[in-house]
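Everything below concerns the one structure shown next.
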Amino acid sequence: MIRLDGNSIAGTLAELFGGEMTEAQGICGGCGAENFVGALHVYRAAGIVVRCPSCDNVLMRIVEAPGRTWVDLQGVTTLQVSR
Amino acid sequence: MAGTAVLGRLTWLVAEVVETRSETPHVRTLVLDVAGWQDHRAGQHVDVRLTAEDGYQAERSYSLASPPGEPPAITVERLDDGEVSPYLVDVAEAGDRFELRGPIGGYFVWEPDGSTDPLFLVAGGSGVVPLMAMIRRRAAAGSDVPATLLCSSRRFEDVIYREELDQLAARGDGLEVVQTLTRAQPPGWAGYSRRVDVELLREVAPAPDQSPRVFVCGPTSFVEAVAEGLVSLGHRPGRIRTERFGGG
């Protein structure tokens with residue numbers, strides 16, 4: 660499966676969070692690494708899986724279906740958004 | 066609330082093709098007129114959504130090629146098994162409409178901000194598109210920040226924006242354009258003739274102690290090889306911003 664990065668889901672994230680998110684910084688719940696969302700690893704299949712570029716821990720899972728979107732953020736400790 | 070656009074909120078807009086421009090045999094630029102468009106930043110992209118008569122939708126991201134202040138333009142490479150790019154490259158003509166949302170992104174963005182740190186831009190194929198927006202932005206702003214663009218293409222005829230890049234590099238304002246052709250080279254070719262490797266990066270990139278800001282865009286394997294190569298040469302990972310693209 661082709662590895663993409665957080666830039667490729669910028670539109671989906673902007674729709675979900677109501678603003679630009681690739682410059683937000685996320686802390687991995689697995690290894691504690693802090694990375695820009697734009698730099699996170701992204702895999703797309705039936706849904707979107709976002710992994711930590713440092714330790715490969717699953718940070719987010721997003722499934723878009725007609726009329727609804729399901730989001731799992733279990734792997735992320737914090738997201739810091741500059742405003 | 067239908068018909069009510071919340072300011073700053075990302076919504077689907079209607080784009081109308083104003084002009085098309087062939088860049089290479091497989092690549093075309095579409096200049097768009099988008100009602101409700103908010104000016105973009107160099108490096109941002111848009112999501113394009115096509116809807117078939119039966120309701121099937123396909124969505125892909127395309128980088129903006131035009132600099133801020135100019136109408137949005139996307140440059141698209143045709144992927145023969147793609148769902149969206151064959152329409153945009155071969156079929157769409159002036160007056161055609163499709164859905165688009167954007168501008169999108171902030172991580173892979175460059176703005177002239179007074180910093181004199183050199184810019185190092187590395188493109189694999191159509192990865193040059195967002196970097197071209199940065200180069201056009203730099204030129205439009207009259208910036209003389211030292212900038213080097215390293216473009217990797219398969220053949221001479223595949224080099225996107227070749228003439229404009231030559232013209233911009235000839236202005237003598239600190240932009241250097243370096244081309245490498247990985248598949249075939251025309252007679253008398255003076256550029257590089259191989260894939261971007263660590264040795265090539267060592268020759269072309271500003272030295273790590275100049276603390277260049279680096280933007281790399283292209284297919285995943287290209288982007289990761291370049292980023293790893295730069296880190297192995299002593300460039301700080303935090304100075305390297307990458308954007309990978311897949312199919313479409």
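Top line first, the protein sequences correspond to chains A and B. So the number in the numbering used here is just where the residue sits in the first sequence, counting from 1, plus 659. So the number in the numbering used here is just where the residue sits in the second sequence, counting from 1, plus 65. In this text, a Cβ means the ideal position worked out from N, Cα and C, and glycines have one as well.
| Item | Value |
| --- | --- |
| Same chain, Cβ closer than 6 Å to P216 (chain B), neighbours up to 5 away in sequence not counted | Checking the sequence shown, residue 216 (chain B) turns out to be Cys, not Pro. So the list reads A188, V193 and Q244, once near-sequence residues are dropped. |
| Endpoints, beta strand (DSSP E) assigned at P284 (chain B) | R278 to P284 |
| Three-pair Cβ contact test at 8 Å for the stretch 259–270 of chain B versus the stretch 295–307 of chain B | yes |
| 7 Å Cβ cut-off: residues of chain B touching A673 (chain A) | L75 and I169 |
| Among A:G691, A:Q733, A:E674 and A:H700, nearest to G726 (chain A) - alpha-carbon criterion | A:E674 |
| Counterpart residues of N694 (chain A) in DSSP-defined beta bridges | A:G685 |
| Any C-beta of chain B under 8 Å from that of E693 (chain A) | no |
| heavy atom of the ligand SAM below 7 Å from Q109 (chain B) C-beta | Inclusion of the ligand SAM in the displayed structure is not the case, the ligand content being empty and no account of it being possible. |
| Cβ neighbours of V154 (chain B) in the same chain (closer than 8 Å, five flanking residues each side left out) | H91, V92, R93, V141, E142 and R143 |
| DSSP-derived helix/strand/coil call for P168 (chain B) | strand |
| Reduced DSSP secondary structure (H/G/I, E/B, other) of T247 (chain B) | coil |
| Neighbouring residues, chain A, relative to T307 (chain B) (Cβ below 9 Å) | D664, N666, G697 and A698 |
| Cβ contact (3+ pairs, closer than 8 Å) linking the stretch 177–187 of chain B and the stretch 195–203 of chain B | yes |
| Element boundaries [alpha helix (DSSP H), containing R267 (chain B)] | V263 to V269 |
| M66 (chain B) to E264 (chain B) span [Cα, whole Å] | Interpretation of M66 (chain B) is limited by its pLDDT of 40, a score under 50 that renders its predicted location unreliable; no figure is taken from the coordinates. |
| For V194 (chain B), the first and last residue of its enclosing alpha helix (DSSP H) | V193 to A205 |
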